[in-house]
Amino acid sequence: MFDTTDRIAQGATLLVNIAAAAADPSGLVAAQSATGGYFALRGMFRHKIKGAEDRIRQVSNALNARLTAPTFHTPAGADAHLPEMLLDALPTPEDIAAAGLDPDALVASMCARFKREGVRSDFQPYELIECFGNWVRPEIEGLLNDSDFVTSTAPSLFRTLFAEQQSQRKILDEVERQYGSLAKALGALENARRDQLEAIAVRFEIERAFELSEHDLRQVLMQKAEEYRTYRAQIDALDERVAAISNLKGAAQGAAERLDFDEVETLLARVDAVETEIAAETKEARARNALLRGQVEDAYRLLCAAADSFGSLDPLEPARRRIFRYNLILWDHGRRYGGAGLARAAEMLRPVLTGSLRRADTWLWVSGQGNLANAMQDLGSRTAGATGARSVAEAVMAYRAILRVYPESSQPLVWARTQNNLAIALLELSHRTRGVESVELLAESVDAHRAALRVYAEQDHPLERAITQSKLANALAEQYNRTGDPDNEGLLVLAAQASCAALRVLTEHDNPAEWAAAQNSLGNALAGHGTSTGGQKGASLLAEAVEAYRATLRVYTEASNPVAWAGTQNNLGNALSQLGHLTVGAAGLDPLDEAVQACRAALRVRTEHDLPRHWAETQGNLANALKEQGRRMYGEPGVDRIAEAVDAYRATLRFYTEEDFPVNWAKTHDNMALAEAAIAEHNATTSRKAHVKAALDHVETALRVFDPTTTPHYYNDADTLREQLSAWLARLEGQDGMELP
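Each residue of the sequence shown is one higher than the one before, counting from 0 in numbering that gives the first Met the number 0.
Structure, rendered in structure tokens:
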């Protein structure tokens, strides 16, 4: 996943390597000789050296902190530009050697890179270059003034870097000899060795290549190979375009000889159009090349320029290009890998979604609104706080704008598709509200899916109906989860029925992605029903949920679809945790262990930075499993495990705030109350009173949100727990002691 923080992390690697080269110029000379030029050396310097991770992390954290510090003066746009500039700031080997251990000279040589010809014009303002120098200078000074780094660490790092690069070069040479070229090797990845896969992954700048399993690394590279083939086909097609231009120009010259000026104009207009198309396709190929290496901002800039170049040929063509082609490239990248792709997909659309476009071409405007809404919905679901809520609200407004233009009577299929998308956005928005408003948004979501089903008849639109049934199942399950009331178990039954209806149509072979989504929906319904039912019947339902999630993971892999894979791992962890809770004795420890493993696996992708809301959800599920593990363990290890659960719950509150996610915030405090109570009643605990007090504080905090009208079940449970804890605390203060009922 690539965004500002990722660019800074990559830039921190570059800074550490530059400082190492300045400290050991002899290694630099050898590296330059071996790599054969500046651009190859630049690729080498961007490579993270094994053993330098701590240094790189320190530099990266410091750069991030300085960039966001209120006291650090930055010109407009600097927060976006500086991380990009960092990746282009490698001085020439001669400049590095000349600077030596002088931090100012080394920083000056880095800044000078932005004053040369051919550099992006938006990198060249004096104030921005000066700001860049002020940003990186403290880290360069810190490294070069560190005697241990200069005399010991730097030479060792550079030798390691050089050795790794030489090893990778040998492996790549071997691959080229074996397959004829690296490009041809992409068609035979299933036969490549692990070391060959890793060497090829470096070419694509895949950050986590060395951490992935061999299977997942192979899958990632196969996905990259598919993207590469699309990109390569564009490049190959340019030759045919160039030949066409030559023919057209020859014909225009002949027409000019005949003084046939109308024919000349017709032919030159075609030349203009073809040349514009060639230039646009070249920019698109460059953009795809940038995305192969995770450089979203460069891709966005190139695609915008490509779209706008058509304005002189047709005033509507820039909008068509942005809506039907270029934004989808960014949107797909953002959905697959996270980062800035989704935000830039939306930015690609906003300038053209005007009233004049709606009057000129209603369908084009509606299509653009739909794509904007999709991007904002996806972006909002991954973004914390008010910013994420605004993104989802913008998506809701865009979908409703489409429904005002295209009613069910005139465009039933467009209307139904939009109702489905609106339902998903309303479901997401309901997570970010409280009380009656949240309940109403959930009900609207269910109603919107059911409205779509009026259009998607099983006989005429079986696939669309099945997909809608799967999405309806999620909304119904969430309706139940919001209240937690066992009296509403019928919602879970309806959810399971909707999922099963979808799976009668969808198959793993013909519709793998949709089938996996329906299996996931079925798992959610079964898990909710099993948790609510309890006992042996509940355990059986949870076991079915586990099987549904594991079936889903046959389609969703960490390599091919990391976000969906992590979501399924999270759901699997939750179901296993509940199954462990219902399983008596030592037998319950196995599913609890598996639950912890599944949640930790999900957190490899669901990081706090990239997917904060999903990270918080998984942290909560991990805490649930840890708490139950601790309750079943004797002695200090059990108390420590529950304390770890409390810490995990507390971490989620960095995202689940009372203002932005009130119900989740209250549930978390309620869970912390139960965890503190579990510590208090554990056989290894001696100071029970402090933990009972902490538990009481948490449950009273939760009751600020839980109320008997909109969340009656949660309110009643929390109110009962408060009474029990109050009585327990009174007994403890009276030195009487009491076990929690």
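By construction, the Cβ of each residue, glycine as well, lies at the ideal position given by its N, Cα and C atoms.
Any Cβ of chain B within less than 8 Å of the Cβ of residue i?
| i | result |
| --- | --- |
| W514 | Here chain B cannot be found, since the structure has a single protein chain. |
Out of the options, which has the shortest C-alpha to C-alpha gap to residue i?
| i | options | result |
| --- | --- | --- |
| R202 | A182, E213, G186, D215 | A182 |
| D377 | A344, T12, A600, L301 | A344 |
| G340 | A77, A298, A187, R320 | A298 |
| L143 | V438, Y713, A22 | A22 |
| F113 | E83, D101, R136 | E83 |
| E658 | Q723, A515, A500, S429 | S429 |
| A289 | A77, K223, N190, Y655 | K223 |
| L744 | T91, G99, F131 | As shown, the chain starts at 0 and ends at 740. That puts residue 744 outside it, with no answer to give. |
| H332 | S355, V554, P137, Q294 | Q294 |
| E138 | R285, D101, A474, R416 | D101 |
| G572 | G566, P314, C598 | C598 |
| T136 | S166, L352, A153, L66 | A quick correction: the sequence has Arg, not Thr, at residue 136. Here the closest residue by C-alpha is L66. |
| D718 | T361, D592, K666, K688 | K666 |
| G338 | A422, R292, L575, L301 | R292 |
| A679 | H668, A701, A642 | A642 |
| E213 | L490, K470, I199 | I199 |
Would you call residue i buried or exposed, if buried means 16 or more other Cβ atoms sit within 10 Å of its Cβ?
| i | result |
| --- | --- |
| T551 | buried |
| R503 | exposed |
| V365 | buried |
| G36 | Reliability fails at G36, whose pLDDT of 44 lies under 50, so the model's placement of it is uncertain and no value is given. |
| W727 | buried |
| N326 | buried |
| N682 | exposed |
| F38 | Annotation note: pLDDT 43 at F38 (below 50); position unreliable, coordinate value reported separately. It counts as exposed. |
| E283 | buried |
| A624 | buried |
| F323 | exposed |
| R627 | It should be noted that the sequence gives Glu, not Arg, for residue 627. Under this definition E627 is a buried residue. |
| W741 | With the chain covering only 0 through 740, there is no way to say anything about residue 741. |
| V583 | exposed |
| T34 | Unreliable positioning characterises T34 in this predicted model, as indicated by a pLDDT of 46, which lies under 50. The coordinate reading is nonetheless provided below. With 16 or more other Cβ atoms within 10 Å, it is buried. |
| P317 | buried |
| P769 | This structure cannot speak to residue 769, because the chain is shown only from 0 to 740. |
| P707 | exposed |
| A18 | buried |
| L14 | buried |
| E126 | exposed |
| E616 | buried |
| N16 | buried |
| D147 | exposed |
Taking the continuous alpha helix (DSSP H) assigned at residue i, which residues delimit it?
| i | result |
| --- | --- |
| K688 | 687 to 701 |
| Q628 | 611 to 630 |
| A650 | 634 to 651 |
| I678 | 661 to 680 |
| Y555 | Premise fails: Y555 is in no alpha helix (DSSP H) and is neither H nor E. |
| F131 | 125 to 143 |
| Q195 | 193 to 202 |
| I322 | Unbroken run through I322: none, as it is neither H nor E. |
| N419 | 411 to 429 |
| R399 | 384 to 404 |
| P711 | 711 to 732 |
| K183 | 181 to 184 |
| H528 | 511 to 532 |
| A563 | 561 to 581 |
| Q596 | 588 to 604 |
| L441 | 434 to 454 |
| A658 | At residue 658 the sequence reads Glu, which differs from the Ala that was named. Careful: E658 lies outside any alpha helix (DSSP H) and carries neither H nor E. |
| Q57 | 52 to 67 |
| A88 | Note, A88: premise wrong, no alpha helix (DSSP H); not H, not E. |
* Asked: Using 8 Å as the threshold, is the region 631 to 639 in touch with the region 399 to 407, meaning 3 or more CB pairs across them?
  -> no
* Three or more C-beta pairs closer than 8 Å, one from the region 525 to 533 and one from the region 182 to 194: is that the case here? -> no
* Examine the Cβ distances between the region 454 to 471 and the region 409 to 420 and report whether three or more of them are shorter than 8 Å. => yes
* Touch check for the region 423 to 443 and the region 388 to 404: three-plus C-beta pairs under 8 Å? -> yes
* Are the region 689 to 697 and the region 650 to 666 touching by the rule of at least three beta carbon pairs closer than 8 Å? -> no
* Asked: Would the region 546 to 560 and the region 586 to 594 be scored as touching if the rule is three or more Cβ pairs under 8 Å?
  -> no
* To do: Decide yes or no for the touch test of the region 700 to 719 against the region 658 to 675: beta carbon pairs closer than 8 Å, at least 3 of them.
  => yes
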